[in-house]
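Numbering (the numbering used here), first residue to last: 140 to 848.
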């Protein structure tokens with residue numbers, strides 16, 4: 140005979156298992172609606188737009204194995220192959236339409252929030268539903284969800300929570316009660332409130348353990364900050380059992396700790412050796428790092444409790460350990476932990492364990508190890524994505540317990556809190572709808588951000604709004620006197636105005652400033668550092684000389700860039716083009732073959748390889764090369780124009796004209812293709828009456844076109 144009370148409880152659990160994930164997805168979709176229509180921003184260029192590994196089916200192999208033998212040639216700033224694989228899959232579906240990438244981020248965030256809810260229910264944490272919705276809607280998470288590059292946060296966060304969910308079942312910490320046990324004589328008449336019939340797990344312990352370890356591996360291969368998971372598991376274990384035993388609790392986590400340590404060491408090395416987080420700007424003493432960490436901890440606590448104002452780039456603090464007041468935040472953080480420890484009997488362990496979870500999870504982003512954004516700011520919203528749970532969960536649990544006897548008051552408070560957070564998220568998400576609005580908002584919020592001024596200036600320069608661009612570059616230079624990139628961009632403005640003498644002076648000044656920067660690093664660190672990031676000014680100056688016809692000066696600069704960075708594909712290819720223009724066809728071919736070897740997906744490099752092959756008497760190889768380019772990009776203007784010229788040489792005027800038309804459709808401001816089209820049409824109309832002289836096509840500029848830079 141069925142128990143009406145048990146059946147009612149079962150129905151409530153079933154209903155909750157449907158309504159909560161559905162509600163999470165709906166509110167997240169609404170809150171992030173402005174970002175769904177957003178464009179690519181900032182580092183999205185490296186991760187998606189210009190990531191050659193996303194372009195081909197073979198790119199997936201580079202994303203997983205491209206770390207060997209030379210990590211500096213890995214096709215992304217960090218070795219996060221799970222994140223890059225998800226972007227590779229997005230590219231297969233969406234191409235370069237950003238809406239698909241944004242939608243994937245939203246879905247991953249919603250799945251992570253649902254998994255968090257299941258975990259909290261199974262741990263019997265009060266306010267599980269409230270915590271899941273607060274985490275879903277908290278505006279500090281906007282940067283992680285609305286920024287495509289931070290796919291690594293939402294993806295690693297999902298795998299982190301899935302691994303935790305499975306491990307809790309393996310360790311017997313989730314209070315799971317099966318329906319069979321509930322139905323047995325003497326069993327509980329109602330299922331445990333933490334049970335969720337919609338997410339069943341294996342029953343064999345070894346399967347649970349391996350599944351949890353696999354999810355953890357996926358998490359750290361998405362972002363290495365998730366290496367803190369085994370520490371979080373030990374905190375939960377102590378909370379549930381009041382003790383930790385070596386054999387039962389610690390030993391199974393040893394593989395987790397080892398995997399996390401290995402990935403953390405690799406990430407730290409790549410941040411220094413590949414990304415470039417090394418040099419004078421990162422040369423902090425231990426005392427300075429402690430001061431930074433102490434202030435960062437309270438910054439993140441403040442933003443979680445009062446998330447306003449939020450900005451993409453916060454001001455970079457001035458650090459001076461000699462000032463006693465700057466030690467107060469670090470001492471205050473230690474004092475808070477000591478106070479929570481002393482108050483365990485009165486407050487319970489939850490506040491202390493939440494603080495330890497928060498501190499341990501945020502630890503890699505506190506400045507004790509170098510990360511590149513420290514050049515601009517010591518803090519960023521996306522660093523606190525997972526750590527936020529250490530505050531959100533205990534506070535929501537405490538609020539739920541306090542208002543347990545005033546249910547309707549609790550409901551009103553919860554709805555008001557989530558509504559307010561959702562509105563703040565919606566408002567902040569609008570700042571991520573494109574790079575121009577992002578940098579404008581950053582400057583409004585942080586007028587001292589030299590990086591934002593420079594990046595907004597670049598957008599204005601691309602729009603040919605030279606006055607606005609120049610003002611922004613000059614402001615960036617005022618804010619940072621050694622900002623070589625701003626000087627370089629002022630040179631671009633001068634060149635756009637036709638002031639070539641001033642442009643050359645500014646380009647040369649930027650090159651010298653980069654050299655001074657390098658020498659400063661050498662003095663501070665005492666060792667020679669990679670100068671890969673310093674080659675941009677020399678590349679611009681080299682192209683400036685090439686455009687003016689000074690090929691020898693351009694060649695010398697390209698060779699210097701290559702000597703400093705042997706993997707600089709653009710410099711190798713540009714140098715090969717200079718050699719071709721100087722008549723050194725065999726050496727030019729060698730350089731283009733090397734460039735293609737370094738980056739086989741670059742259409743510009745492959746177009747130049749075709750030119751070099753044609754110059755070396757290998758027209759059929761050149762044609763095959765350009766056909767390969769068109770197989771990847773049928774509208775490629777250079778390949779269409781170059782193939783058209785090959786047809787012109789064979790007297791196939793009509794076929795050539797069709798290719799020239801296709802080139803102009805892709806790039807209307809392509810003067811060579813336009814001249815070639817006009818000549819081909821003239822010859823096509825007279826071809827029936829007058830046969831062209833063999834080998835002497837009447838086409839202006841019959842040299843194949845060089846791809847634009």
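Heads up, the beta-carbon is just placed ideally off N, CA and C, and yes, glycines get one too.
DSSP three-state assignment for residue i, whether helix, strand or coil
i           : result
residue 310 : coil
residue 324 : Caution applies to residue 324, whose pLDDT of 42 falls short of 50 and renders its modelled position unreliable; the model cannot decide the point.
residue 336 : Bear in mind that a pLDDT of 44 at residue 336, under 50, signals an unreliable position, so the number given afterwards is only what the model happens to contain. Three-state result, residue 336: coil.
residue 214 : coil
residue 448 : coil
residue 809 : coil
residue 384 : coil
residue 158 : helix
residue 840 : Bear in mind that a pLDDT of 40 at residue 840, under 50, signals an unreliable position, so the model cannot answer this.
residue 453 : coil
residue 241 : helix
residue 93  : With the chain covering only 140 through 848, there is no way to say anything about residue 93.
residue 620 : coil
residue 422 : coil
residue 522 : helix
residue 417 : coil
residue 628 : helix
residue 754 : helix
Start-to-end residues for the alpha helix (DSSP H) that takes in residue i
i           : result
residue 741 : Element bounds for residue 741: n/a, residue is neither H nor E.
residue 760 : 758-771
residue 713 : 708-720
residue 515 : Unbroken run through residue 515: none, as it is neither H nor E.
residue 433 : 425-444
residue 648 : 639-664
residue 353 : 344-359
residue 583 : 574-584
residue 232 : 220-233
residue 403 : 393-409
residue 592 : 589-601
residue 184 : Taken as a continuous stretch (DSSP letters only), residue 184 belongs to no alpha helix (DSSP H), as it is neither H nor E.
residue 688 : It is not in any alpha helix (DSSP H) - residue 688 carries neither H nor E in the DSSP assignment.
residue 173 : 172-175
residue 704 : From DSSP, residue 704 is part of no alpha helix (DSSP H); its letter is neither H nor E.
Classification of residue i by the beta-carbon crowding that lies within 10 angstroms, buried from 16 upward
i           : result
residue 294 : buried
residue 399 : buried
residue 470 : exposed
residue 808 : exposed
residue 383 : exposed
residue 333 : For residue 333, the predicted model reports a pLDDT of 44, less than 50, meaning its position is unreliable and no value from the coordinates is stated.
residue 540 : exposed
residue 165 : exposed
residue 408 : exposed
residue 731 : buried
residue 161 : exposed
residue 289 : buried
residue 457 : exposed
residue 601 : exposed
residue 775 : buried
residue 406 : buried
residue 156 : buried
residue 292 : buried
Top-ranked residue by Cα proximity to residue i, from the options
i           : options               : result
residue 455 : 687, 434 and 478      : 434
residue 694 : 706, 705, 676 and 721 : 721
residue 387 : 306, 416, 412 and 807 : 306
residue 270 : 263, 641, 255 and 236 : 255
residue 508 : 215, 609 and 411      : 411
residue 684 : 571, 712 and 647      : 647
residue 806 : 780, 796 and 791      : 780
residue 626 : 680, 299 and 246      : 680
residue 97  : 204, 188 and 268      : No information on residue 97 is available, as it lies outside the stretch 140 to 848 that the chain covers here.
residue 421 : 376, 652, 517 and 354 : 517
residue 261 : 210, 340 and 220      : 340
residue 360 : 466, 467 and 219      : 219
residue 561 : 272, 208 and 186      : 272
Margin query: Restricting to runs no shorter than 4 residues, where is the alpha helix (DSSP H) found entirely within the segment 455-509?
Written below: DSSP runs (the alpha helix (DSSP H)) wholly in the segment 455-509: 467-481, 483-486 and 489-501.
Next item on the list: Please list the segments of the alpha helix (DSSP H) lying wholly inside the segment 771-804, counting only runs of 4 or more residues, in order along the chain.
Entry: 776-788
Note to self: Report the start-end ranges of each alpha helix (DSSP H) in the segment 524-572 that is 4 residues or longer and not cut off at the edges.
What the structure shows: Along the length of the segment 524-572, whole alpha helix (DSSP H) runs at least 4 residues long occupy 528-541 and 546-568, reported in chain order.
Next item on the list: Give, in chain order, every unbroken run of the alpha helix (DSSP H) that is at least 4 residues long and sits entirely within the segment 254-288.
Entry: For the segment 254-288, whole alpha helix (DSSP H) runs of length 4 or above, ordered along the chain, are 267-276 and 281-285.
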